[in-house]
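Since the structure comes first, as C-alpha cells, the remarks are kept for the end.
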Amino acid sequence: MAGSPRDIDGFCPDDLKALVLQLLEENAGLKQDNVALREEIARLKGLKGRPDIKPSGMDKTAKARSKAKAGRKQARRGKKKPRLPVNEKCIVAAEVPEGSRFKGYEDYLV
Numbered sequence: 001m002a003g004s005p006r007d008i009d010g011f012c013p014d015d016l017k018a019l020v021l022q023l024l025e026e027n028a029g030l031k032q033d034n035v036a037l038r039e040e041i042a043r044l045k046g047l048k049g050r051p052d053i054k055p056s057g058m059d060k061t062a063k064a065r066s067k068a069k070a071g072r073k074q075a076r077r078g079k080k081k082p083r084l085p086v087n088e089k090c091i092v093a094a095e096v097p098e099g100s101r102f103k104g105y106e107d108y109l110v
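Take the sequence shown: its letters are residues 1 to 110, numbered as in UniProt numbering.
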C-alpha cells in the first residue's frame, strides 16, 4: 500500500480500482471483527446480546392461504344498485334562513 496520500497521483485508474476493492474488502472484514468483539464484550459484561429473531414466515402463510382459497368457493356479492339514467333535472329553491351562508351544492339522485 502507498506510504502517503501524494503517492496516489502516480497510479493509473486500474491500479486505483484494485486498491479501492482491496480497501472495501478490508473494511468489511474489520466491520465483522468489530461486531464480534462488541458481542464478546457484552457477553463478558453479562449484558444481553442481540436477540435471535427468526423470520416471520409470512411468505409461507401467504402461499398456504392462496392454495386454501383456490379449493373453496368464493362468497357471492350482493346485488349491485343499477345505474339509472337521469331523465330530468329540477332545481329547487331552498327556504334559506336569514344570516346563513352558502357552502356549496350537493348532488343526489331521487
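We put the beta carbon where it would ideally sit given N, CA and C, even for glycine. Small disclaimer: the values here were computed from a predicted structure and weren't measured.
| DSSP three-state call for Q74: helix, strand or coil? | In the three-state scheme derived from DSSP, where H, G and I count as helix and E and B as strand, Q74 is classed as coil.
| task | Counting only the same chain and skipping the five closest in sequence on each side, list residues whose C-beta sits under 8 Å from that of F102. | result | Exclusion of the five residues before and after F102 leaves no residue of its chain whose Cβ lies closer than 8 Å to its Cβ.
| Range covered by the alpha helix (DSSP H) that runs through A28 | Run containing A28: P13 to K45, per the alpha helix (DSSP H) assignment.
| task | Reducing DSSP to helix, strand and coil, say where residue 112 ends up. | result | This structure leaves residue 112 out entirely; the chain is present only between 1 and 110.
| query | What did DSSP end up calling I8 once you bin it into helix, strand or coil? | reply | Correct three-state label for I8: helix.
| Contacting residues, own chain, Cβ-Cβ under 6 Å from C90 (five flanking each side not counted) | Counting only Cβ-Cβ distances below 6 Å, and skipping sequence neighbours, we find nothing.
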